[in-house]
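Colleague: Before I ask anything, here is the structure I am working with.
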Amino acid sequence: MPASSILTSVRTPLKTAIQGVAANTYDSVPEAPIVPFAAIVPNVPYLQPSFLGKGNVKLKVNLVMTVGVAMYDNQSALDNWEKLVISILAAIPSGYEVGDVSNPIPLNIGASEILAGEIQLATYYTQTN
Amino acid sequence: MATTVITGRDLAMTIATKNYDEQATSATLSADVTIETYNTLYSKAYKSIDSQWTFDVEMLADWGAADSLCEALWTAAESAPNTALAVSLTAVTGAVFAFNVLPVFPSVGGASPDAQTVSMSFTVVGTPTETFS
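In structure tokens form, the structure reads like this:
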């Protein structure tokens, strides 16, 4: 049996769950995301030990999902971003705490400008082997 | 003497022989000791007359899971409320406390969007037995 990991047990299942609504999904920091996209990356604090015992490593995992859309014009970009966030919120599977959604702000990635905001997420992870 | 530090990571807890460390975030065994005070002609006198122990547990709710503690406690509180459950609480290797508690109904639900949690306060039957080694 392969060792469990946060990637395979937490981030990838989340990425898989939202693949149907976000055109491009990433379970780590992408070098050059292609819009529209959703990228699942660590939040601060990232890993919080919060359970009894030392038998298995048990952690609260804090994540942030960065959601970005193309910045064609303000009105349509914001509308597209809101629709994408709503559809992602509906697709997040059980077992994940859904927190606040930040305001979207324009970002420059390479030569292109995008509108991006963040969804706060958290879940719990136990190292099983 | 060197400073000794033990933490919640040193704790281990079993209820009815099953280990629930992976769900529990806090476990505390404490005593409420009743001490009578007598005003004598000479001075005050104190007498410990009773102690009631309590076991407080906070954990993530595990309804629906295999070997669910919430479901086991609910069933026990419903079907056998006066039958004590054996508990073992290890503060750290070499300091183990064994005692019995009466089952209580776990709370159900919680606030959105956080993980559902359960806080339970068990009445301990009798006095814990300690093993120091």
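Protein chains in written order, with my numbering: chain A, 1 to 129; chain B, 1001 to 1133.
Beta carbons: idealized from backbone N, C-alpha and C, even for Gly.
Remember, it's a predicted structure, so these values are computed and weren't measured experimentally.
Report buried or exposed for G1109(B), applying the criterion of at least 16 other Cβ atoms within 10 angstroms of its Cβ.
Modeller: That one is exposed.
Colleague: Quick test of your reading: I88(A) and V21(A), contact by CB under 8 Å. State the CB separation rounded to the nearest angstrom.
Modeller: 6 Å
Colleague: Could you give the residue range of the alpha helix (DSSP H) that holds A1076(B)?
Modeller: 1069-1079
Colleague: Can the beta-carbon of A1027(B) be found less than 7 Å from the beta-carbon of M1013(B)?
Modeller: In contact: A1027(B) and M1013(B) (Cβ atoms closer than 7 Å).
Colleague: Could you tell me whether any Cβ in chain A is nearer than 7 Å to the Cβ of P1128(B)?
Modeller: no
Colleague: Let me check understanding here. Comparing Cα to Cα, which of T1007(B), M1001(B), A1002(B) lies closest to V1092(B)?
Modeller: T1007(B)
Colleague: Cα-Cα, which of V85(A), V57(A), P93(A) is closest to A17(A)?
Modeller: Of the candidates V85(A), V57(A), P93(A), P93(A) places its Cα closest to the Cα of A17(A).
Colleague: Look up K60(A) in the DSSP assignment and give the residues it is bridged to.
Modeller: Q48(A), Y124(A)
Colleague: Return helix, strand or coil for V1092(B), following the three-state DSSP convention.
Modeller: Secondary structure of V1092(B) (DSSP, three-state): strand.
Colleague: Nearest chain A C-beta to T1093(B) closer than 7 Å, yes or no?
Modeller: no
Colleague: Residues of the segment 39-62 of chain A in Cβ contact with chain B at a cutoff of 9 Å, in chain order, please.
Modeller: P49, S50, F51, L52, G53, K54, G55, N56, K58, K60: these are the residues of the segment 39-62 of chain A whose beta carbon lies less than 9 Å from some beta carbon of chain B, given in chain order.
Colleague: By how many angstroms is the C-alpha of P33(A) removed from the C-alpha of V64(A)?
Modeller: 16 Å
Colleague: Is L115(A) helix, strand or coil by DSSP?
Modeller: In the structure shown, L115(A) sits in a strand (DSSP, three-state: E or B).
Colleague: By the DSSP assignment, the beta strand (DSSP E) with V21(A) in it spans what residues?
Modeller: Where V21(A) is concerned, there is no enclosing beta strand (DSSP E), given that its DSSP letter is neither H nor E.
Colleague: Determine the direct distance from the alpha carbon of T25(A) to that of M1(A), and round the result to whole angstroms.
Modeller: In this predicted model, M1(A) has a pLDDT of only 49, less than 50, meaning its place in the structure is not dependable enough to derive any value.
Colleague: Classify A1130(B) as buried or exposed, calling it buried when 16 or more other Cβ atoms lie within 10 Å of its own Cβ.
Modeller: It is worth fixing the name first, because residue 1130(B) is Glu in this sequence and not Ala. Classification for E1130(B): exposed.
Colleague: Whole angstroms is fine: what's the gap from T128(A)'s alpha carbon to K58(A)'s?
Modeller: 9 Å
Colleague: Out of G117(A), P36(A), L107(A), L52(A), state which residue places its alpha-carbon closest to the alpha-carbon of L1011(B).
Modeller: L52(A)
Colleague: Among residues of its own chain, excluding the 5 on either side of F37(A), which ones have a beta-carbon nearer than 6 Å to its beta-carbon?
Modeller: A distance below 6 Å between beta-carbons, with the five flanking residues on each side excluded, links F37(A) to the following residues of its chain, in chain order: N24, G68.
Colleague: At which residues does the beta strand (DSSP E) containing W1053(B) begin and terminate?
Modeller: 1044-1060
Colleague: How is the alpha helix (DSSP H) around A90(A) delimited, first residue to last?
Modeller: 74-91
Colleague: Under a Cβ-count criterion, where at least 16 other Cβ atoms within 10 Å of its own Cβ denotes burial, should L1041(B) be classed as buried or exposed?
Modeller: exposed
Colleague: Please compile the residues from chain A whose C-beta is within a distance smaller than 7 Å of the C-beta of E1022(B).
Modeller: Here the neighbours are F51, N56, K58, T126.
Colleague: Span of the beta strand (DSSP E) holding E97(A)?
Modeller: 97-101
Colleague: Determine which residues share a DSSP beta bridge with G68(A) and list them.
Modeller: F37(A), A116(A)
Colleague: May I ask you to report which of helix, strand or coil DSSP gives P13(A)?
Modeller: Helix.
Colleague: Going by the DSSP bridge assignment, what does D1032(B) pair with across the sheet?
Modeller: Q1052(B)
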